[in-house]
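Chains as they are written, first to last, in this note's numbering: chain A, 1 to 349; chain B, 1001 to 1174. Quick reminder that beta carbons are idealized off the backbone N, C-alpha and C, glycines included. Computed from a predicted structure; not experimentally measured.
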């Protein structure tokens, strides 16, 4: 995309502003009121996009496309079923326990417990009020998470549509694109094909990055928290691990979160130090070795944008919103940016 | 951009199906029937009205076009109000191949239909997908397109040689 940028006329600016506004409103509406529709559709697009290179490899060795799609999605479905049977129930218990332990209703218990631990460390006593307020905020964020998350059975039902939607996207995607392009005016054909191609590339990169980084981080933190015998370690590792992936502020927030979760339960002991050292080391290893291998060729958003979305995520969806908002933002930009780029670079008249 | 002229088919109005049209182009004769059918699935047939632009100079480009019916005018500078040097392309010719092959290359000229046209468009992302899914056929098509461009380069070379000769005959020093 190194072409010289075409002049941005008032008409084009207006189109970009209106298009972004309409898309933004649509996304906010979908995210707020239609999570159960929105999530499976986005996930299906991401899955279809990530699986395309595997299908291409299978087709290259003369396996028919429909058979290849069936085969690959069968493997995906089996993995999901295995996770649903072996992992989800356990995770749900941990999740509920975590949300219950850290809800506003339990703040007094947590504060009392924390004060008991603080009594042993007189030099930390001045931080007592800070800890208390942080725990109140944490309780608020936990309550918000419970409020926005749809019941897990409904979410599971919605997610079970993903392999089917992905199947049809993969099987009929080319024909759908072609029939859509056939109906477009000549001037929009190249622009649209260019945008679709770039969206596909971006979405694949972002999906692969999110999948691998999330898996690696969650597995590492789960293992560490399990070894340190931290209660509800699966839920804690998901919250701490995913917060950890927030650009610029991730490590700091994850560390604060880990302290707030662990201090009232186990006090200020070797476990807490181990977690802080572990998180910093993981971040270092992740930045040095993993990020260069899996990061999408897309620079992270500006810190101000990250902060803004963190606020939106936190106050609309609590802890859950905080960990979901930035990946969601990246997926949406993967759709919007190529369209804006195409509109800016092609002459529309 | 001049490819060898295809022979007109025998259909009642002289308009050939896309597959038959491609078959008349010597370069595509190297493709077997099923390969040509697969290639036909990649392409888009577009109709342009007289005076309608296919693309503009300096735009990014990902498509190349074969003229199925009609004529296309290529010119570099719009500001010259029609006085810019033009190239007129007819049935069987193709254009837009440089941006098609090199994604860093923006369009170096504007292409406008001088009469109602039917163009066959091939876009780079779709060829790349074919190369991933059917590498043998994808590479074969790529080689054919390279052959077309190589023919053009030879033609240009020959034209430059001719101009040099004419200039030196007219006692100009280059």
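So that I know if they touch, is there some Cβ in chain B lying closer than 7 Å to that of residue i?
| i | result |
| --- | --- |
| residue 347/A | yes |
| residue 193/A | yes |
| residue 197/A | yes |
| residue 59/A | yes |
| residue 2/A | With a pLDDT of only 41 at residue 2/A, under 50, the local geometry of the prediction cannot be trusted, and no value is derived from it. |
| residue 190/A | yes |
| residue 166/A | no |
| residue 254/A | no |
| residue 5/A | Confidence at residue 5/A is low in this model, with a pLDDT of 45, below 50, so its placement is unreliable and no value can be given for it. |
| residue 186/A | yes |
| residue 84/A | no |
| residue 68/A | no |
| residue 97/A | no |
| residue 50/A | no |
| residue 258/A | no |
| residue 263/A | no |
| residue 56/A | yes |
Have a look at the DSSP bridge pairing and note the partners of residue i.
| i | result |
| --- | --- |
| residue 1065/B | 1095/B and 1121/B |
| residue 1060/B | 1106/B |
| residue 1047/B | 1118/B |
| residue 1073/B | 1088/B and 1112/B |
| residue 212/A | DSSP lists no partner for residue 212/A. |
On the DSSP letters alone, give me the boundaries of the alpha helix (DSSP H) that residue i sits inside.
| i | result |
| --- | --- |
| residue 176/A | 162-182 |
| residue 95/A | 88-101 |
| residue 318/A | 303-345 |
| residue 264/A | 250-266 |
| residue 230/A | No alpha helix (DSSP H) holds residue 230/A; DSSP gives it neither H nor E. |
| residue 1141/B | 1135-1169 |
| residue 122/A | Taken as a continuous stretch (DSSP letters only), residue 122/A belongs to no alpha helix (DSSP H), as it is neither H nor E. |
| residue 286/A | Per DSSP, residue 286/A belongs to no alpha helix (DSSP H) and is neither H nor E. |
| residue 1018/B | 1018-1024 |
Between residue i and the rest of its own chain, which residues show a CB-CB distance below 8 Å, the 5 nearest in sequence each way excluded?
| i | result |
| --- | --- |
| residue 211/A | 50 |
| residue 84/A | 156 |
| residue 220/A | 241 and 282 |
| residue 189/A | 181 |
| residue 4/A | Residue placement at residue 4/A cannot be trusted, given a pLDDT of 43 that sits under 50; the coordinates are not used to answer. |
| residue 72/A | 51, 54, 55 and 58 |
| residue 1040/B | 1018, 1019 and 1022 |
| residue 321/A | 144, 145, 148, 312, 313, 314 and 315 |
Identify, in the order they occur along the chain, each residue of the same chain with its Cβ nearer than 7 Å to the Cβ of residue i, setting aside the five sequence neighbours on each side.
| i | result |
| --- | --- |
| residue 193/A | 181 |
| residue 1139/B | 1131 |
| residue 216/A | 290 |
| residue 259/A | 272 |
| residue 1042/B | 1122, 1126, 1127 and 1130 |
| residue 1005/B | Low confidence applies here, because residue 1005/B scores a pLDDT of 40, under 50, leaving its location unreliable and the question unanswered by this model. |
| residue 1137/B | 1035, 1038 and 1130 |
For chain A, find out if any of its Cβ atoms is closer than 7 Å to the Cβ of residue i; answer yes or no.
| i | result |
| --- | --- |
| residue 1037/B | no |
| residue 1048/B | yes |
| residue 1125/B | yes |
| residue 1132/B | yes |
| residue 1056/B | yes |
| residue 1063/B | yes |
| residue 1069/B | no |
| residue 1115/B | no |
| residue 1059/B | yes |
| residue 1135/B | yes |
Is residue i near the ligand HEM, with its Cβ less than 6 Å from a heavy atom?
| i | result |
| --- | --- |
| residue 1151/B | Because no ligand of any kind appears in the structure shown, any question about the ligand HEM cannot be addressed here. |
Using C-beta distances below 6 Å, list every residue in its chain close to residue i, excluding the 5 sequence neighbours before and after it, in chain order.
| i | result |
| --- | --- |
| residue 93/A | none |
| residue 146/A | 99 |
| residue 253/A | 243 |
| residue 119/A | none |
| residue 161/A | 40 |
| residue 6/A | Low confidence applies to residue 6/A: its pLDDT is 47, below 50, so where it sits in the model is not reliable, and the reading given next is rough at best. Excluding residues within five positions, the ones whose Cβ falls inside 6 Å are 345. |
| residue 1105/B | 1098 and 1099 |
| residue 333/A | none |
| residue 1060/B | 1106 |
| residue 327/A | 210 |
| residue 267/A | 117 |
| residue 1056/B | 1110 |
Could you tell me the boundaries of the beta strand (DSSP E) in which residue i lies?
| i | result |
| --- | --- |
| residue 1055/B | 1053-1055 |
Pair every Cβ in the segment 197-204 of chain A with every Cβ in the segment 38-53 of chain A, then say whether three or more of these pairs are closer than 8 Å.
yes
Any chance the segment 165-179 of chain A sits against the segment 1089-1101 of chain B, with 3 or more Cβ pairs inside 8 Å?
no
I want to know whether the segment 1044-1061 of chain B touches the segment 1022-1036 of chain B - three or more CB-CB distances under 8 Å.
Contact between the segment 1044-1061 of chain B and the segment 1022-1036 of chain B is absent: fewer than 3 CB-CB pairs across the two stretches fall below 8 Å.
Just checking, does the segment 1049-1065 of chain B make contact with the segment 1102-1116 of chain B on the three C-beta pairs under 8 Å criterion?
Yes, the segment 1049-1065 of chain B is in contact with the segment 1102-1116 of chain B.
Examine the Cβ distances between the segment 227-235 of chain A and the segment 270-285 of chain A and report whether three or more of them are shorter than 8 Å.
Yes, the segment 227-235 of chain A touches the segment 270-285 of chain A.
Contact between the segment 103-117 of chain A and the segment 75-90 of chain A is defined here as three or more beta-carbon pairs at a separation below 8 Å; is this criterion met?
no
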